[in-house]
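Numbering (the numbering used here), first residue to last: 221 to 788.
Ideal placement from N, C-alpha and C gives every residue a C-beta, glycine not left out.
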């Protein structure tokens, strides 16, 4: 059985000299490799000087051996009792075919004389060698173990009681090595810097059939970004999981974690969620800027009628204020702006959030943890014993939380919360559906509002739109909807603008978002609920004001609000 240790190895001539690594630097790299007990190719990759794909291509070109990738290798690799798992792993060799007259192996370093001589001794003239990267060979070895275990219907640990544990240990160690390689670290540093500069709220790290894909959610839309080389994708995923304190060896189940990093001088909290897919693990990172201060209500650009209704409700000593809308519609920002407007040293304000996205001075903020059973309902029961004046419940998700929020409002607290409904008038019905008696809700509900976020035209490149609304459906609709708000005048007097695209807005034509609102106080809610045809200023009406004044486009308003709401 072969067991010779790996050697430091030689270097393809194409990587040396002009345009490559000079001989002085190479001597230092060789010395560092010897001291670390690592092959030169691994040290070059770790230092970010030569990527594994470049090393493999140079080796293949110089030796005339074919270059193969993971996709070219069998899922279940052949075995030979003379080749131990540890020998194959240590020398980065993957058996592709072993027969009586032919043996074909993928090697990461054809200059490894010890390993190559050993293979020739075993397989003689029938030996054929091809070149692959270390990562592809390591992935093929790990994949083969999993495939064989699945085929036998047993867990890997049972299938290989001794060497199986070694493979698990090796796999975790391999993933850590990939995660700490210089190309991996450099790529993630660039990705984080790009995301912060672009004001991204989410980073999507995905593996598709065609290869890795990175997308940033900017102003609610996904935009493609630089993708990693397929050879380092597993390292990128592993590094993110390590930073998020997740189990890097668990790739079959979803996981959640958290990363806190200082980026561009700001403390950024990233919530990480991983999930297995048919092509490999995919991750989503939600970026929360913990240094973001709550905005003032006047900065939210609420129409006068909505702002007046909101401030009137906030002046009440007790009661329930509900903000509705889908995830990502800015409800949390609105609630914190409201709390910031009414907080004083004489009032105790407590919040229950999942997660705490905006840290506000003067508020006692609590983060729920459903895994530990600390839900919105249990947190609400707890903080009622802490003698608060004002409560903010991040979301009413169930009947228990709804009932507790209403009872808190009945016992002298001002309670602000959110619901997932489409319209402001739907909020009372949703609360009743969750088990709150209608008569109790009517006695405490002070206001119900709804909001959405639409993209704001980039101030640097937006151009006057003389086409009358952009798309064909927008043009056809323009004349009909102008009558919704007579105060805006005829559409030919509107200051319509269109997106163009420039460096400032990442060529999207939009930069930032603005909210469109609708709000009804208790009396208006009663009137609209009693008469389904009763009119009120909807988000569509308020959104048209932004279109007419050139802040956004009619097409964007249609995409966000939909035409169904216009007919109501």
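request  = Look at residue 503 and residue 460 and say whether their C-beta atoms are less than 8 Å apart.
outcome  = Along the chain shown, one-based indexing puts residue 503 at 283. Along the chain shown, one-based indexing puts residue 460 at 240. In this structure, residue 460 lies closer than 8 Å to residue 503 by Cβ.
inquiry  = Measuring CB atoms only, is the region 482–502 touching the region 420–432, in the sense that at least three cross pairs come out at less than 8 Å?
reply    = yes
ask   = Measuring CB to CB, does residue 259 end up less than 8 Å from residue 252?
value = One-based indexing of the chain shown puts residue 259 at position 39. One-based indexing of the chain shown puts residue 252 at position 32. Result no, Cβ atoms of residue 259 and residue 252 do not sit closer than 8 Å.
request  = Using the DSSP secondary-structure output, state which residues sit across from residue 585 in a beta bridge.
outcome  = The count along the chain shown starts at 1 and reaches residue 585 at position 365. Beta-bridge pairing links residue 585 to 571.
request  = Measure the alpha-carbon distance for residue 293 versus residue 325 and round it to whole angstroms.
outcome  = Residue numbering aside, residue 293 sits at position 73 when the chain shown is read from its first letter. Residue numbering aside, residue 325 sits at position 105 when the chain shown is read from its first letter. Residue 293 and residue 325 have their C-alpha atoms some 10 Å from each other.
ask   = Which class does residue 236 belong to by DSSP, given the choice of helix, strand or coil?
value = Within the chain shown, residue 236 is the residue found at index 16, counting from 1. It is a strand residue.
request  = Determine the DSSP secondary structure at residue 374, reduced to helix, strand or coil.
outcome  = Stepping through the chain shown from its first residue, residue 374 is reached at position 154. Because residue 374 carries a pLDDT of 49, less than 50, the predicted location of this residue cannot be relied on, and the following value inherits that uncertainty. Taken through DSSP and simplified to helix, strand or coil, residue 374 comes out as coil.
request  = Report the residue from 654, 458, 647 whose alpha carbon sits nearest the alpha carbon of residue 495.
outcome  = In the chain shown, counting from the first residue as 1, residue 495 sits at position 275. Ranking 654, 458, 647 by Cα distance to residue 495 puts 458 first.
request  = Would you grab the beta carbon distance between residue 738 and residue 669 for me? Rounded to a whole angstrom, and I think it's under 8 Å.
outcome  = Residue 738 sits at position 518 when you count from the first residue of the chain shown. Residue 669 sits at position 449 when you count from the first residue of the chain shown. Indeed they touch by this definition, with Cβ atoms about 7 Å apart.
request  = Please confirm whether residue 649 and residue 626 have their CB atoms less than 8 Å apart.
outcome  = Taking the first residue of the chain shown as 1, we reach residue 649 at position 429. Taking the first residue of the chain shown as 1, we reach residue 626 at position 406. In this structure, residue 649 sits away from residue 626, with a CB-CB distance that is not shorter than 8 Å.
ask   = What distance in whole Å lies between the Cβ atoms of residue 469 and residue 395, which are believed to be in contact at a cut-off of 8 Å?
value = Mapped onto the chain shown, residue 395 falls at position 175. Mapped onto the chain shown, residue 469 falls at position 249. At roughly 7 Å, the Cβ-Cβ gap stays under 8 Å, so residue 395 and residue 469 are in contact.
request  = Quick one: residues in its chain with C-beta nearer than 6 Å to the C-beta of residue 636, no 5 flanking neighbours on either side, listed in chain order?
outcome  = Counting from 1 along the chain shown, the entry for residue 636 is found at position 416. Cβ neighbours of residue 636 beyond the five flanking positions: 541, 555, 612.
query = Can you give the Cα-Cα distance for residue 780 and residue 768, rounded to whole angstroms?
reply = Taking the chain shown and counting its residues from 1, the one referred to as residue 780 is at position 560. Taking the chain shown and counting its residues from 1, the one referred to as residue 768 is at position 548. Cα-Cα distance, rounded: 17 Å.
request  = Please determine if the region 281–292 and the region 347–365 are in contact, where contact requires at least 3 C-beta pairs separated by less than 8 Å.
outcome  = Three or more Cβ pairs closer than 8 Å define a contact, and the region 281–292 meets that threshold against the region 347–365.
message = I'd like the span of the beta strand (DSSP E) that includes residue 665, first residue to last.
response = Position 445 of the chain shown, counted from the start, is the residue given in the question as residue 665. Looking at the DSSP string, the run of the beta strand (DSSP E) that includes residue 665 is 665–677.
Between the CA atoms of residue 441 and residue 698 - distance to the nearest angstrom = Here residue 698 corresponds to residue number 478 of the chain shown, with the count starting at 1. Here residue 441 corresponds to residue number 221 of the chain shown, with the count starting at 1. Distance between the alpha carbons of residue 698 and residue 441 is about 25 Å.
task = Quick one: grab the DSSP three-state call for residue 271.
result = Here residue 271 refers to the residue found at position 51 of the chain shown. Three-state DSSP puts residue 271 in coil, outside helix and strand.
ask   = Between the region 550–566 and the region 594–605, do at least 3 Cβ pairs fall closer than 8 Å?
value = Between the region 550–566 and the region 594–605 there are fewer than three C-beta pairs closer than 8 Å, too few to call the two in contact.
message = Can you tell me which residues form a DSSP beta bridge with residue 287?
response = Residue mapping note: residue 287 aligns to position 67 of the chain shown, counting from 1. Partner(s): 351.
message = Tell me which residues share the same chain as residue 628 and place their Cβ nearer than 8 Å to its Cβ, disregarding the 5 neighbours each side in the sequence.
response = Within the chain shown, residue 628 is the residue found at index 408, counting from 1. The answer, listed in chain order, is 600, 604, 611, 635.
key: Close beta carbons around residue 607, own chain, < 8 Å, minus the five adjacent residues each side   = Indexing the chain shown from 1 puts residue 607 at position 387. Once the five neighbours on either side are set aside, the close Cβ partners of residue 607 are 568.
query = What residue from 328, 367, 368 has the CA that sits closest to residue 349's CA?
reply = By 1-based counting over the chain shown, the position of residue 349 is 129. Closest option to residue 349, Cα to Cα, is 328.
inquiry  = Measuring only the C-alpha atoms, how far is residue 562 from residue 630?
reply    = Along the chain shown, read from residue 1 onward, the residue named residue 562 stands at position 342. Along the chain shown, read from residue 1 onward, the residue named residue 630 stands at position 410. Using only the alpha carbons, I get a separation of about 20 Å.
ask   = Relative to the C-alpha of residue 588, which residue among 448, 310, 621, 715 is closest?
value = Within the chain shown, numbered from 1, the residue matching residue 588 stands at position 368. Checking every option, the nearest Cα to that of residue 588 belongs to 621.
key: Whole-Å CB distance - residue 455 paired with residue 404, under 8 Å assumed   = Taking the first residue of the chain shown as 1, we reach residue 455 at position 235. Taking the first residue of the chain shown as 1, we reach residue 404 at position 184. The pair is a contact, with the Cβ atoms about 4 Å apart (cut-off 8 Å).
query = Straight-line CA distance for residue 662 to residue 411?
reply = Here the question's residue 662 lines up with position 442 in the chain shown. Here the question's residue 411 lines up with position 191 in the chain shown. Roughly 50 Å between the two C-alpha positions.
Sequence-distant residues of the same chain with beta carbon closer than 6 Å to residue 266, five excluded per side = Numbered from 1 along the chain shown, position 46 holds the residue referred to as residue 266. These residues qualify, in order along the chain: 401, 402.
inquiry  = Helix, strand or coil for residue 600? Go by DSSP, reduced to three states.
reply    = Position 380 of the chain shown, counted from the first residue, corresponds to residue 600. In the structure shown, residue 600 sits in a helix (DSSP, three-state: H, G or I).
inquiry  = Please state the DSSP three-state secondary structure of residue 481.
reply    = Locating residue 481 in the chain shown gives position 261, counting from the first residue. Residue 481 falls in the strand class under three-state DSSP.
request  = Say whether chain D places a C-beta atom closer than 8 Å to the C-beta of residue 729.
outcome  = Considering every chain present, this structure includes no chain D. It has just one protein chain.
task = Identify, in the order they occur along the chain, each residue of the same chain with its Cβ nearer than 8 Å to the Cβ of residue 679, setting aside the five sequence neighbours on each side.
result = As a working note, residue 679 is residue 459 in the chain shown. Result list for residue 679: 731, in chain order.
query = Going along the chain, which residues of its own chain have a beta-carbon closer than 7 Å to the beta-carbon of residue 419, five neighbours each way excluded?
reply = By 1-based counting over the chain shown, the position of residue 419 is 199. These residues qualify, in order along the chain: 438.
key: Where residue 754 sits in the DSSP three-state scheme   = Counted from its first residue, the chain shown places residue 754 at position 534. Residue 754 falls in the coil class under three-state DSSP.
Cutoff 7 Å; reference residue 664; Cβ partners in own chain excluding five residues on either side = Residue mapping note: residue 664 aligns to position 444 of the chain shown, counting from 1. Same-chain partners within the cutoff: 539, 540, 626, 629, 630.
message = With the cut-off set at 8 Å, would you say residue 529 and residue 751 are in Cβ contact?
response = If you number the chain shown from 1, residue 529 lands on position 309. If you number the chain shown from 1, residue 751 lands on position 531. Result no, Cβ atoms of residue 529 and residue 751 do not sit closer than 8 Å.
request  = Would you give the residue range spanned by the alpha helix (DSSP H) that residue 327 belongs to?
outcome  = For this step, residue 327 is matched to residue 107 along the chain shown. Looking at the DSSP string, residue 327 is not in any alpha helix (DSSP H); the run it does join, the beta strand (DSSP E), is 323–327.
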